[in-house]
Structure formats: structure tokens, C-alpha cells
Amino acid sequence: GHRVGLTVTVNDLNGNDSVSVALQKKAGSGPGEVVFQDGATDLEKLILGSDRNKAAPTAGALVIEVICTGNKAAEPTVLEVPFTCRLLGDLDGNGGAEPTDMSLLINKLNGTDTSGFHAYAFDLDKNGGAEPTDLSILINILNGML
1224 GHRVGLTVTV NDLNGNDSVS VALQKKAGSG PGEVVFQDGA TDLEKLILGS DRNKAAPTAG
1284 ALVIEVICTG NKAAEPTVLE VPFTCRLLGD LDGNGGAEPT DMSLLINKLN GTDTSGFHAY
1344 AFDLDKNGGA EPTDLSILIN ILNGML
């Protein structure tokens, strides 16, 4: 599924000594379930989406509400962070995985300039970069195995 790291930066404590951060999916935004996990610090969170499901795609617009609460302030600050979630294998962001995505990944592996596309789109196995195992995953997606 989708995985995003979110880091909150607090510029003004507004009289507080500390701030806690909580996340929630905005009601009515995006299909699928979202799970939140703590990150390396109190101001870092991981956003984990549903696994790939051909019967019930989890792509589309998603809004996460970031709730910052000070240890002294009565009212929390709520910010909305919009995301666009793509299906795994949809490297070019046009709605689905197809042979043009395969061509794009091969170009990336061959060192062709792919600066117009987000680097994370190529990392299908989420291990930090594009390599032949990502191509294997994409082939399985195109063959209907994932």
C-alpha cells in the first residue's frame, strides 16, 4: 500500500512548552483505510495506506488532518494536508499500470532523465530506489498477478 513520512515543523509554540501531533483521515476523503504510526521523533508520523486491491482501488485524493496540541493551549491547531494516491505501478500518474509505465521504468534503470516524474513512483518495493526487482513487480502487475 501507500506509505508516506510526514514531519511537522512548529515555528511558534504560542506559550506552550511542547506540542503533540495526531493525524486522522478527513471524513469522506479517499477510498481505502489509512493507518498512522509514530516516526523517529514526536513530530514525525508514518501514513500507511491500504494494500493494492484491483477490486476496490485505493487511488485518488486523500486529505490528512494534522492536529497539533500544545501542553497549555486550550484549542488545537488543525491543518489539512492533501495527497494524491496512485495505484502501485502507475508511474506516469495517468490512472493505471500499462506498457508505457514499463517503458518509463526501463528508461529510469538505463539512466535516462526522468526528472519530470517523482522518484518514489519508481520504487515499487519501497526499499529506497529503482532497481530490477521493481521491474519484476511491475511485470507481475501488468500480468494481473498483483
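Per our numbering, residue 1224 is the first one in the sequence shown, and the count goes up by one each step. Ideal Cβ placement from N, Cα and C applies to all residues, glycine included.
Supposed close pair D1265, V1244 - CB separation, criterion 8 angstroms: Position 42 of the sequence shown, counted from the first residue, corresponds to residue 1265. Position 21 of the sequence shown, counted from the first residue, corresponds to residue 1244. 7 angstroms between Cβ atoms; contact.
For D1240 and G1293, the rounded distance between their alpha carbons: Numbered from 1 along the sequence shown, position 70 holds the residue referred to as residue 1293. Numbered from 1 along the sequence shown, position 17 holds the residue referred to as residue 1240. For G1293 and D1240, the distance between alpha carbons rounds to 7 angstroms.
L1365 versus A1263, G1319, I1270, V1258, residue with shortest Cα-Cα distance: In the sequence shown, counting from the first residue as 1, residue 1365 sits at position 142. Cα-wise, what sits closest to L1365 is G1319.
CB-CB length for L1358 against L1314, believed under 8 angstroms: Taking the sequence shown and counting its residues from 1, one reaches residue 1358 at position 135. Taking the sequence shown and counting its residues from 1, one reaches residue 1314 at position 91. L1358 to L1314, Cβ: 11 angstroms. No contact.
Bounding residues of the beta strand (DSSP E) (the contiguous stretch that carries N1261): If you number the sequence shown from 1, residue 1261 lands on position 38. Looking at the sequence provided, one finds Asp at residue 1261 rather than Asn. Element bounds for D1261: 1257-1261.
Simplified DSSP assignment, three categories, for K1249: Locating residue 1249 in the sequence shown gives position 26, where the first residue counts as 1. Residue state, collapsed to three classes: coil.
Proximity of I1236 and I1287 at Cβ, strictly below 8 angstroms: As a first step, residue 1236 must be located in the sequence shown, where it is residue number 13. As a first step, residue 1287 must be located in the sequence shown, where it is residue number 64. The sequence given here places Leu at residue 1236; Ile does not occur at that position. Taking 8 angstroms as the Cβ cut-off, L1236 and I1287 do not qualify as a contacting pair.
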